[in-house]
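A.B. asks: First the structure, then my questions, so here it is.
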DNA sequence: TTTGATT
């Protein structure tokens with residue numbers, strides 16, 4: 001093959017390669033890849049290895065097109081695709097190409113045989129044959145580092161990572177103001193080095209001022225980044241229903257919870273404690289519940305009452321959700337007719353060993369929950385079954401994302417019971433309005449709640465109501481602190 | 001014990 005390169009370099013072609021296929025031989029159509037794609041004959045459709053490598057070919061004369069190049073590279077194996085790069089607008093040959101062999105091995109052979117081994121006629125640099133940038137993406141050697149101290153500089157990060165390999169690139173992510181976002185990219189020369197750094201450093205230490213231990217992982221691929229963007233878009237466009245997440249996360253538990261929640265919200269809304277959105281949300285949840293009950297993703301749930309309900313399920317199971325469901329024995333709901341203050345019951349059910357007590361008798365939470373106790377049975381639309389038909393497709397499940405509401409709608413809650421997760425937190429604040437997100441902070445290392453979190457409403461009035469109701473609410477030995485989340489630019493007076 | 005992180 002070296003000989004062939006030599007002939008090529010002389011501007012000649014031997015008849016096993018270039019001349020064979022050049023110049024308007026029958027079937028060449030000007031943009032063909034030099035391949036026989038015969039739709040009628042599957043056996044000739046090339047298959048490529050899953051681990052095939054896309055090669056970049058550089059320094060090729062502009063008078064050589066696919067059919068000229070093909071024979072040159074066929075030496076090393078069957079070609080899957082060969083494309084000369086052309087200018088998008090002028091269509092001009094850019095002097096380079098992409099080449100994918102069917103087999104990975106062929107690419108490696110071609111690379112070692114050709115890369116910088118010969119200069120093609122008219123070129124003043126040797127031919128380039130190497131994996132295309134899109135192949136390695138650099139991503140398999142590039143790390144994302146999170147939970148850095150915001151004071152740490154590039155040099156600090158380098159020092160931390162240099163023991164594990166050669167660092168080609170190190171960048172701290174910074175906001176528009178130049179402040180570190182507490183994370184960085186570190187690019188090593190090789191995947192192995194990057195992996196070594198992950199093994200040694202991930203979770204290994206907690207930087208002063210960071211809220212949990214160091215995060216070291218491979219950076220997102222382009223695809224992941226795109227996905228992330230799309231998710232964010234979806235979130236911003238309000239296409240997302242916080243309930244959907246819980247279905248995904250907790251399955252049958254969440255489903256049951258949502259049904260109950262729908263009942264609460266419906267009845268509470270009727271009692272006039274919630275804004276009109278609540279009614280809407282309640283209806284939505286009922287729809288969601290109905291959807292899942294029609295066998296989409298939910299684990300089967302046997303109604304414990306109304307025993308005549310046939311499998312296949314059209315009747316709401318809400319009034320018959322068995323009590324001991326859920327996480328840590330937390331039912332998420334006060335018992336519905338035991339004469340106990342409902343708000344207390346929420347916390348008395350396995351969450352904490354102490355008697356709970358609300359701060360005031362006229363506590364809005366109790367009033368809200370009181371609505372539940374008035375709930376006297378299936379006030380469900382007879383159209384339960386029909387609702388699902390309005391949604392022939394399951395709604396898209398969009399994973400939970402952090403979501404702040406407008407200013408004044410976001411609460412910071414401290415002194416949460418250790419057992420509380422996002423769902424319980426949301427549960428606790430739903431009576432006050434439309435909760436668009438709830439987040440309990442979790443220590444990455446231990447997976448333990450840090451006993452604080454956020455709840456966001458879609459309007460400030462709900463947030464205020466929730467503060468009035470829940471700030472100082474006693475749970476066990478502790479009292480909840482519920483206050484507006486600090487705005488980002490607080491503590492920066494000027 | 002005190003503010004949702006990050007490509």
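Numbering (the UniProt record's numbering), first residue to last: 1 to 494. Note that beta-carbon positions come from the ideal geometry of N, C-alpha and C, so glycine has one too. This one's a predicted model, so the numbers in the text were calculated from it and none came from an experiment.
(1) Using DSSP's beta-bridge definition, name the partner residues of residue 157.
(2) Within 8 Å, do at least three Cβ pairs link the segment 72 to 85 to the segment 95 to 109?
(3) Taking only three categories from DSSP, how would you classify residue 532?
(4) Whether or not the segment 158 to 169 and the segment 180 to 197 are in contact is what I'm after, with contact meaning three or more pairs of Cβ atoms, one per stretch, closer than 8 Å; do they touch?
(5) Measuring straight from C-alpha to C-alpha, what distance separates residue 486 and residue 177?
(6) Return helix, strand or coil for residue 465, following the three-state DSSP convention.
(7) Using DSSP with H/G/I as helix, E/B as strand and the rest coil, what is residue 250?
(8) Nearest to residue 140 by alpha carbon, out of 198, 173, 480 and 158?
(9) Our contact map puts residue 501 next to residue 483 with C-beta atoms below 8 Å; I'd like the distance itself, whole angstroms only.
(10) Helix or strand or just coil, what does DSSP make of residue 83?
(11) Could you tell me the distance, in whole angstroms, from the CA atom of residue 220 to the CA atom of residue 106?
(12) Give the straight-line distance between the Cα atoms of residue 132 and residue 115, rounded to the nearest whole angstrom.
(13) From residue 145 to residue 472, what does the alpha carbon distance come to, in whole angstroms?
(14) Expressed to the nearest angstrom, what Euclidean distance is found between the alpha-carbon atoms of residue 439 and residue 207?
(15) Could you tell me the boundaries of the alpha helix (DSSP H) in which residue 191 lies?
(16) I need the DSSP call for residue 483, collapsed to helix, strand or coil.
(17) Among all the DSSP beta bridges, which residues are the ones paired with residue 99?
(18) Taking 7 Å as the limit between beta carbons, can you name the residues of its chain near residue 147, skipping five residues before and five after?
(19) Can you tell which of 413, 230 and 163 has the C-alpha that lies nearest to the C-alpha of residue 474?
(20) Taking the C-alpha atoms as reference points, what is the distance between residue 434 and residue 470?
(21) Does the distance from the CB of residue 453 to the CB of residue 480 come in under 8 Å?
(22) Scan the segment 98 to 149 and note each continuous alpha helix (DSSP H) run of 4 residues or more that stays entirely inside, going in chain order.
(23) Of the choices 442, 163 and 73, whose alpha-carbon is the least far from that of residue 195?
C.D. replies: Looking at the atomic coordinates:
(1) Looking up residue 157 in the first chain gives position 157. According to DSSP, which records beta bridges pairwise, residue 157 is partnered with nothing at all.
(2) yes
(3) The chain is shown from 1 up to 494; residue 532 falls before or after that span and cannot be answered.
(4) yes
(5) As a working mapping, residue 486 is identified with position 486 in the first chain. As a working mapping, residue 177 is identified with position 177 in the first chain. Answer to the nearest angstrom: the Cα atoms are 19 Å apart.
(6) Working through the first chain from its first residue, we reach residue 465 at position 465. In this structure, residue 465 counts as helix in the three-state DSSP scheme.
(7) Residue mapping note: residue 250 aligns to position 250 of the first chain, counting from 1. At residue 250, the pLDDT of 36 sits below 50, so the modelled position is not reliable; the number obtained from the coordinates is stated separately. Note: residue 250 maps to helix in three-state DSSP.
(8) Indexing the first chain from 1 puts residue 140 at position 140. Nearest of 198, 173, 480 and 158 to residue 140, Cα basis: 198.
(9) Given that the chain is displayed from residue 1 to residue 494, the structure contains no residue 501 and the question cannot be resolved.
(10) In the first chain, residue 83 corresponds to position 83, counting from 1. Note: residue 83 maps to strand in three-state DSSP.
(11) Counting from one through the first chain, the residue named residue 220 turns up at place 220. Counting from one through the first chain, the residue named residue 106 turns up at place 106. When rounded, the distance between both Cα atoms is 29 Å.
(12) By 1-based counting over the first chain, the position of residue 132 is 132. By 1-based counting over the first chain, the position of residue 115 is 115. Cα to Cα, residue 132 sits roughly 13 Å from residue 115.
(13) Position 145 of the first chain, counting from 1, holds the residue named residue 145. Position 472 of the first chain, counting from 1, holds the residue named residue 472. Each residue's alpha carbon lies about 38 Å from the other.
(14) The count along the first chain starts at 1 and reaches residue 439 at position 439. The count along the first chain starts at 1 and reaches residue 207 at position 207. The straight-line gap from Cα to Cα measures roughly 23 Å.
(15) Here residue 191 refers to the residue found at position 191 of the first chain. Note, residue 191: alpha helix (DSSP H), 191 to 201.
(16) Along the first chain, one-based indexing puts residue 483 at 483. Looking at residue 483 - three-state DSSP - the assignment turns out to be strand.
(17) For this step, residue 99 is matched to residue 99 along the first chain. Paired residues: 55 and 82.
(18) Numbered from 1 along the first chain, position 147 holds the residue referred to as residue 147. 182, 207, 210, 212, 213, 214 and 215.
(19) Along the first chain, one-based indexing puts residue 474 at 474. Closest option to residue 474, Cα to Cα, is 413.
(20) The residue you call residue 434 lines up with position 434 of the first chain. The residue you call residue 470 lines up with position 470 of the first chain. Answer to the nearest angstrom: the Cα atoms are 16 Å apart.
(21) The residue labelled residue 453 in the question sits at position 453 within the first chain. The residue labelled residue 480 in the question sits at position 480 within the first chain. Their beta carbons are not under 8 Å apart, which means residue 453 does not touch residue 480 by this criterion.
(22) 104 to 114 and 133 to 136
(23) Locating residue 195 in the first chain gives position 195, where the first residue counts as 1. Nearest of 442, 163 and 73 to residue 195, Cα basis: 163.
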